[in-house]
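Undergrad: Here our numbering runs 10 ahead of the position in the sequence shown, where the first position is 1.
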Amino acid sequence: MLLDSASLYFRAFHGVPDTVRAPNGDPVNAVRGLLDMIARLATEFQPSEIVACWDDDWRPQWRVDLIPTYKTHRVAAEAPTDADPSIEIVPDLLSPQVPIIREVLTALGIPIVGAAEHEADDVIGTLASHADIPVDVITGDRDLFQLVDDSRGVRVIYTGRGMARLEILTDAALTAKTGVSPAQYADFAAMRGDASDGLPGVAGVGEKTAATLLAEYGDLNGIVAAAADPAVKLSAAVRAKIVAAADYLLVAPAVVNVVRNLDLPAFDARIRPSTPEQEAELERLSTEWGLSSSMKRAREALAALA
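1. For I167, collect the residues of the same chain with a Cβ closer than 8 angstroms to its Cβ; drop the 5 residues on either side in sequence, then sort them by chain order.
2. Between V215 and I134, what straight-line distance do the alpha-carbon atoms span, to the nearest angstrom?
3. List the DSSP bridge partners of R31.
4. Among M47, A16, L13, V41, whose alpha-carbon lies nearest the alpha-carbon of G172?
5. Provide the residue span of the alpha helix (DSSP H) that contains E127, from first to last.
6. If you follow the alpha helix (DSSP H) that I233 is part of, which residue opens it and which one closes it?
7. Quick one: Cα of P137 to Cα of R270, how far?
8. Using CA atoms only, rank isn't needed, just tell me which of Y195, G43, D181 is closest to S17.
9. Can you grab the Cα-Cα spacing for the pair R152 / V74, in whole Å?
10. Quick check on I143: does DSSP put it in helix, strand or coil?
11. Are the beta-carbon atoms belonging to V190 and Y258 less than 9 angstroms from one another?
12. Excluding the 5 residues flanking T91 on each side, which residues of the same chain have their C-beta closer than 6 angstroms to its C-beta?
13. Checking 9 angstroms against the spacing of the C-beta atoms, do V49 and A255 come in under that value?
14. Can you give me the start and stop residues for the alpha helix (DSSP H) that D75 sits inside?
15. Quick check on G216 - is its C-beta less than 9 angstroms from some C-beta in chain C?
16. Is the beta carbon of F23 closer than 9 angstroms to that of N39?
17. Given a cut-off of 9 angstroms on the beta-carbon distance, is the pair V268 and D142 in contact?
18. Is T79 buried or exposed, if buried means 16 or more other CB atoms sit within 10 Å of its CB?
19. Expressed to the nearest angstrom, what Euclidean distance is found between the alpha-carbon atoms of E88 and D102?
20. Which runs of the beta strand (DSSP E) fall wholly inside the stretch 161–191 and span at least 3 residues, in chain order?
21. Would I252 pass as a contact of V265 if the rule is Cβ separation under 9 angstroms?
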């Protein structure tokens, strides 16, 4: 089970009232919400291993160099001009909870894995592509739909509609949902664009047109080639839109496709019984931050799988 950590703790933060506080008055709604998610996911899907995949760089410069608008709207507008450009707009009440989340995950025995100059998506892409056991990717990010692969037992458990309405995406389920295959999804996303990631897409080409073009021409290269060939029967309007977006389409795949070949550090993600040291740390964290029932549920769910 690969957790898209930031995707989940952002959802937890917005899903649990910020009136949920620690004994010292600090907010812990994201921490408790994430613990409840882990308990639910572990119980329902019963993984043998869990990895918390991390954004060591949530907006890699190499992606920005290719598409300057990439995640631009998430950069803090009030940041001084000489500030680190990787600063992200994170709710003030969430930022202090991230170090606590890291402490809790570590104490639970869940390894946190990131990679320099890469996003959690790339860590997930690498691990999912090289795993020798079936993989469940837990995310609210549609970009990771490209990893679905029945032949390798890779599913996406999509949280976009909330934890009460999880969607389990297999090859057939993804095609039914989007009209494209997993192998076509990155090209589909590049054409459609994504305002939440600052990807402009092809002006005038929505999901239906993108899916239709991919069904006809196979992939983005085939679509671009068709638009450039006057002998191919393609409506003048669509042809003009593809040609106009040629520069964008040249670089978009490198931004949208997740990296699958990162050199990641060694780690052990097997769910095992807690050591006495871990138990003591979990008790300390639970007491200090008032995690109570949420911590108990997560510990019990993982202990049942150990």
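Cβ atoms here follow ideal geometry from the backbone N, Cα and C, with glycine treated the same way.
TA: Concretely, from the data shown:
1. L51, F55, D146, V147, I148, T149, L176, E177, I178, L179
2. 29 angstroms
3. P37
4. M47
5. Taken as a continuous stretch (DSSP letters only), E127 belongs to no alpha helix (DSSP H), as it is neither H nor E.
6. 230–238
7. The sequence as given places Leu at residue 137; Pro does not occur at that position. In a straight line, the C-alpha of L137 is about 8 angstroms away from that of R270.
8. G43
9. 19 angstroms
10. coil
11. no
12. Unreliable placement is indicated for T91, whose pLDDT of 47 sits below 50; the coordinate value is still reported in the next sentence. So no residue of the chain qualifies.
13. Contrary to the premise, residue 49 reads as Ala rather than Val in this sequence. The answer is no: Cβ separation not under 9 angstroms.
14. 71–76
15. Absent from the structure: chain C. Only one protein chain is present.
16. yes
17. no
18. exposed
19. Residue placement at E88 cannot be trusted, given a pLDDT of 40 that sits under 50; what the coordinates show is reported in the next sentence. Approximately 13 angstroms, taken between the alpha carbons.
20. 164–168, 177–179
21. no
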